[in-house]
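Undergrad:
The following block contains the structure:
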């Protein structure tokens, strides 16, 4: 039972354009969401997070949007750079069981120079 | 800046053999986690620990054991290796329990033949 879903296995965008990565979840108890970036042969690296009390969080070129009613979050990267090419995972946790994060299956982003 | 260190990086085991995957962190984090990632899947939590001497099961604990004798180390033991345990294993740590991102090691790629 996949509680966090990333329905697009891959995405290609031109350098300088916007990349939009999507994530859906089923558990309404989730209240903390994160995005991780992963390069080959490395572990995931924390990118940005958002709490359910917010609907937007921004950090430089990266913005995460949360739509609680739709149980949907998205990561926007503007402008996209070739170094952004990686696999992106979204993850979610419920505050009352904060020891367990549930991960999506990942979206492989390729930024074309 | 070591962070989370996992050894070995690669290992091939025969069915029925046992081994221990090592994980150590130098950030003085109380919380540590073991995940596995199968091809095309998200990370699944195997075991976690909230401090020295305290461990608990995650989503997929069968076939594994853990111990936490120190804050720094969190080894994962496979007693009787099975082909279904072929996966990439990631260790992670975090500073706190709720709403804290996890820091990951670079993974151990394990093949059971």
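Chains as they are written, first to last, in this note's numbering: chain L, -16 to 96; chain U, 7 to 119.
Each residue gets a CB set at the ideal place from its N, CA and C atoms; glycine is no exception.
In whole angstroms, what separates the C-alpha of residue 60 of chain L from that of residue 112 of chain U?
TA: Numbered from 1 along the first chain, position 77 holds the residue referred to as residue 60 of chain L. Numbered from 1 along the second chain, position 106 holds the residue referred to as residue 112 of chain U. Approximately 24 angstroms, taken between the alpha carbons.
Undergrad: Could you run through the segment 48 to 71 of chain U and flag, in chain order, every residue whose CB is less than 8 angstroms away from some CB of chain L?
TA: 48, 49, 50, 51, 54, 56, 62, 64, 65
Undergrad: If residue 75 of chain U and residue 35 of chain U are in contact, beta carbons under 8 angstroms, what's the gap, nearest whole angstrom?
TA: For the purposes of this step, residue 75 of chain U is identified with residue 69 of the second chain, where counting begins at 1. For the purposes of this step, residue 35 of chain U is identified with residue 29 of the second chain, where counting begins at 1. Their Cβ separation, rounded to whole angstroms, is 15 angstroms, which puts residue 75 of chain U and residue 35 of chain U out of contact at 8 angstroms.
Undergrad: Which parts of the segment -16 to 25 of chain L are runs of the beta strand (DSSP E), unbroken and 3 residues or longer, counting only runs that do not cross its ends?
TA: -7 to -3, 2 to 8, 15 to 21
Undergrad: Compare the beta carbon distance of residue 87 of chain L and residue 14 of chain L with 8 angstroms and say whether it is the shorter of the two.
TA: Here residue 87 of chain L is taken as the residue at index 104 of the first chain, counted from 1. Here residue 14 of chain L is taken as the residue at index 31 of the first chain, counted from 1. For residue 87 of chain L and residue 14 of chain L, no; Cβs fall outside 8 angstroms.
Undergrad: Would a check of beta-carbon distances place residue 112 of chain U closer than 8 angstroms to chain L?
TA: Reading the second chain from its first residue, position 106 is the one you call residue 112 of chain U. So, interface residue.
Undergrad: Between U:101, U:78, U:118, which has its C-alpha nearest residue 11 of chain U's C-alpha?
TA: Your numbering for residue 11 of chain U matches position 5 in the second chain. Here the closest residue by C-alpha is U:78.
Undergrad: In three-state terms, what does DSSP make of residue 66 of chain L?
TA: By one-based count along the first chain, residue 66 of chain L stands at place 83. DSSP, read as helix, strand or coil, puts residue 66 of chain L in helix.
Undergrad: What is the residue span of the beta strand (DSSP E) that residue 35 of chain U lies within?
TA: Taking the second chain and counting its residues from 1, the one referred to as residue 35 of chain U is at position 29. No beta strand (DSSP E) contains residue 35 of chain U, which DSSP labels as neither H nor E.
Undergrad: What residues in its chain sit with their C-beta under 7 angstroms from that of residue 86 of chain U, if we drop five residues either side in the sequence?
TA: Counting from 1 along the second chain, the entry for residue 86 of chain U is found at position 80. So the list reads 22, 24, once near-sequence residues are dropped.
Undergrad: Report yes if the CB atom of residue 39 of chain U is closer than 8 angstroms to the CB atom of residue 102 of chain U, and no otherwise.
TA: Walking along the second chain from the start, residue 39 of chain U turns up at place 33. Walking along the second chain from the start, residue 102 of chain U turns up at place 96. Against a cut-off of 8 angstroms, the Cβ pair of residue 102 of chain U and residue 39 of chain U comes out as no contact.
Undergrad: At the level of alpha carbons, what is the spacing between residue 0 of chain L and residue 70 of chain U?
TA: Looking up residue 0 of chain L in the first chain gives position 17. Looking up residue 70 of chain U in the second chain gives position 64. Their Cα atoms are separated by approximately 45 angstroms.
Undergrad: Look at the Cβ atom of residue 31 of chain L, then the Cβ atom of residue 47 of chain L, and state whether they are nearer than 8 angstroms.
TA: If you number the first chain from 1, residue 31 of chain L lands on position 48. If you number the first chain from 1, residue 47 of chain L lands on position 64. Yes; because the gap between Cβ atoms is below 8 angstroms, this pair is in contact.
Undergrad: With DSSP collapsed to three states, give me the class of residue 57 of chain U.
TA: Stepping through the second chain from its first residue, residue 57 of chain U is reached at position 51. Strand.
Undergrad: Given a threshold of 16 other Cβ atoms within 10 Å of its Cβ, counted over all protein chains shown, does residue 89 of chain U qualify as buried or as exposed?
TA: In the second chain, residue 89 of chain U corresponds to position 83, counting from 1. The residue is exposed, with fewer than 16 neighbouring Cβ atoms inside 10 Å.
Undergrad: Looking at chain U, which residues of the segment 43 to 56 of chain L have a Cβ within less than 8 angstroms of any of its Cβ atoms?
TA: Answer in chain order: no residues at all.
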